[in-house]
Amino acid sequence: KAGVTQTPRYLIKTRGQQVTLSCSPISGHRSVSWYQQTPGQGLQFLFEYFSETQRNKGNFPGRFSGRQFSNSRSEMNVSTLELGDSALYLCASRLRGTGYNEQFFGPGTRLTVL
Amino acid sequence: GENVEQHPSTLSVQEGDSAVIKCTYSDSASNYFPWYKQELGKRPQLIIDIRSNVGEKKDQRIAVTLNKTAKHFSLHITETQPEDSAVYFCAASINNAGNMLTFGGGTRLMVKP
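Here the protein sequences come in this chain order: A and B. Taking this note's numbering, the leading residue of the first sequence gets 12, the next gets one more, and so forth. Taking this note's numbering, the leading residue of the second sequence gets 1070, the next gets one more, and so forth.
So this is what it looks like as structure tokens:
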């Protein structure tokens, strides 16, 4: 089975632009979560989608949004980019929305904002 | 919300020694505690996890202990090897509330040959 994939792997944007990142979960997985990883703040939860519905949201401004499609693929969007948005964005998928089941991470998209 | 603290932030050990990483959490409702290993430039990978109804779990050289009363859990790696060098993250979640993990700040483990 293929693992979690994310595209693009690297992205360079300038302040004020917007960006869309994509995540394809492991086949059959219905839950997708997004995390931001920075050297200063570590790994922080952004949001989680299950069956096309946002189920949990972390403490990030409204510039960060996401969605999930009927095939469980997910996208996240960041509008009006700021320098502080430079980070590795990781998505993770798991088979079931609840219960004890492993969360598998993708390789991440490294976003650099200039 | 949940807050997870992890110590130490860096840990250097000699090959063959043991390594211990400790985490504390704040939300007594948390019931699932995974540990992830992230090698340089790679994705985090689950190495072991523990549920709140278990006090200890072991998998070969890795073990995790959980003290619910004190709200802390620890990762123990015995007979460390150079390939154990990585950043380790603890996390906590309320597992029946979805897929939201709160991570500790990470521990950079360096195993010197």
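For every residue, glycine included, the Cβ atom is placed at its ideal position computed from N, Cα and C. Since this is a predicted model, take the numbers as computed values, not measurements.
Could you check how far apart the C-beta atoms of residue i and residue j are, in whole angstroms? I think they sit under 8 Å.
| i | j | result |
| --- | --- | --- |
| G69 (chain A) | Q55 (chain A) | 6 Å |
| F115 (chain A) | I37 (chain A) | 6 Å |
| L99 (chain A) | K24 (chain A) | Between K24 (chain A) and L99 (chain A) the Cβ distance is about 14 Å, and since that is not below 8 Å, they are no contact. |
| A1160 (chain B) | V1073 (chain B) | 7 Å |
| V124 (chain A) | S83 (chain A) | Not really, about 28 Å apart at Cβ, beyond 8 Å. |
| Q1075 (chain B) | C1092 (chain B) | 5 Å |
Where does residue i fall in DSSP's three states?
| i | result |
| --- | --- |
| D1118 (chain B) | strand |
| D1096 (chain B) | coil |
| L94 (chain A) | helix |
| D1086 (chain B) | coil |
| P1151 (chain B) | helix |
| V30 (chain A) | strand |
| H40 (chain A) | coil |
| L1170 (chain B) | coil |
| G1124 (chain B) | coil |
| A13 (chain A) | coil |
Nearest CA to the CA of residue i: which residue from the options?
| i | options | result |
| --- | --- | --- |
| I1090 (chain B) | B:N1100, B:Y1101, B:Y1105, B:E1084 | B:Y1105 |
| R41 (chain A) | A:Q65, A:L125, A:V89 | A:Q65 |
| K1111 (chain B) | B:A1155, B:I1119, B:Q1129, B:N1100 | B:A1155 |
| L57 (chain A) | A:P72, A:R84, A:S83 | A:P72 |
| G39 (chain A) | A:V30, A:D96, A:R105, A:S76 | A:R105 |
| D1096 (chain B) | B:V1180, B:P1151, B:S1162 | B:S1162 |
| E1152 (chain B) | B:N1122, B:H1076, B:N1072, B:E1084 | B:E1084 |
| Q79 (chain A) | A:N88, A:Y60, A:V89, A:L94 | A:Y60 |
| G53 (chain A) | B:A1139, B:K1181, B:Y1157 | B:Y1157 |
| Y1094 (chain B) | B:V1133, B:S1078, B:G1173 | B:G1173 |
| G95 (chain A) | A:G27, A:K12, A:Q17, A:G14 | A:G27 |
| R90 (chain A) | A:L32, A:T18, A:K12 | Residue identity differs from the one stated: residue 90 (chain A) is Ser in this sequence, not Arg. Minimum Cα distance to S90 (chain A) is reached at A:L32. |
| W45 (chain A) | A:G51, A:V15, A:Y111 | A:V15 |
What's the gap between the Cα of residue i and the Cα of residue j?
| i | j | result |
| --- | --- | --- |
| L1135 (chain B) | D1086 (chain B) | 22 Å |
| Q1129 (chain B) | I1119 (chain B) | 15 Å |
| S76 (chain A) | C34 (chain A) | 14 Å |
| R30 (chain A) | T120 (chain A) | Arg is not the amino acid found at residue 30 (chain A); the sequence shown has Val there. Using only the alpha carbons, I get a separation of about 11 Å. |
| N1100 (chain B) | S1121 (chain B) | 5 Å |
| V43 (chain A) | N88 (chain A) | 15 Å |
| L1144 (chain B) | R20 (chain A) | 31 Å |
| T1171 (chain B) | E1071 (chain B) | 7 Å |
| I1116 (chain B) | T1147 (chain B) | 14 Å |
| F1142 (chain B) | T1176 (chain B) | 14 Å |
| R107 (chain A) | L101 (chain A) | 19 Å |
| T1079 (chain B) | I1131 (chain B) | 18 Å |
| E113 (chain A) | P1182 (chain B) | 32 Å |
| E86 (chain A) | A13 (chain A) | 19 Å |
| L1178 (chain B) | P50 (chain A) | 16 Å |
| V1082 (chain B) | Q1150 (chain B) | 10 Å |
| S62 (chain A) | L22 (chain A) | 28 Å |
Using a cut-off of 7 Å between C-beta atoms, extract the partners of residue i located in chain B.
| i | result |
| --- | --- |
| L54 (chain A) | F1158, F1172 |
| E93 (chain A) | By Cβ distance, chain B contributes nothing, its closest Cβ being about 22 Å from E93 (chain A), past 7 Å. |
At 8 Å on the CB atoms, spell out the chain A contacts of residue i, in chain order.
| i | result |
| --- | --- |
| Y1094 (chain B) | Going along chain A, no residue has its Cβ under 8 Å from Y1094 (chain B), so there is no contact; the nearest lies around 14 Å. |
| L1178 (chain B) | Within chain A, no residue comes near L1178 (chain B); the closest Cβ sits about 16 Å away, beyond 8 Å. |
| R1130 (chain B) | Correct list: empty, because the minimum Cβ distance to chain A is about 20 Å. |
Give me the chain A residues within the contact set of residue i, using Cβ-Cβ distance strictly less than 9 Å, ordered along the chain.
| i | result |
| --- | --- |
| G1175 (chain B) | G53, L54 |
| P1151 (chain B) | Near P1151 (chain B) there are no residues of chain A at all, since even the closest Cβ is about 23 Å away, more than 9 Å. |
| P1077 (chain B) | Those do not exist, as P1077 (chain B) stays about 14 Å from chain A at its closest Cβ, beyond 9 Å. |
| L1115 (chain B) | E113, Q114, F115, F116 |
So which residues of chain B does residue i contact, with C-beta pairs closer than 8 Å?
| i | result |
| --- | --- |
| G119 (chain A) | R1112 |
| L101 (chain A) | R1112, P1113 |
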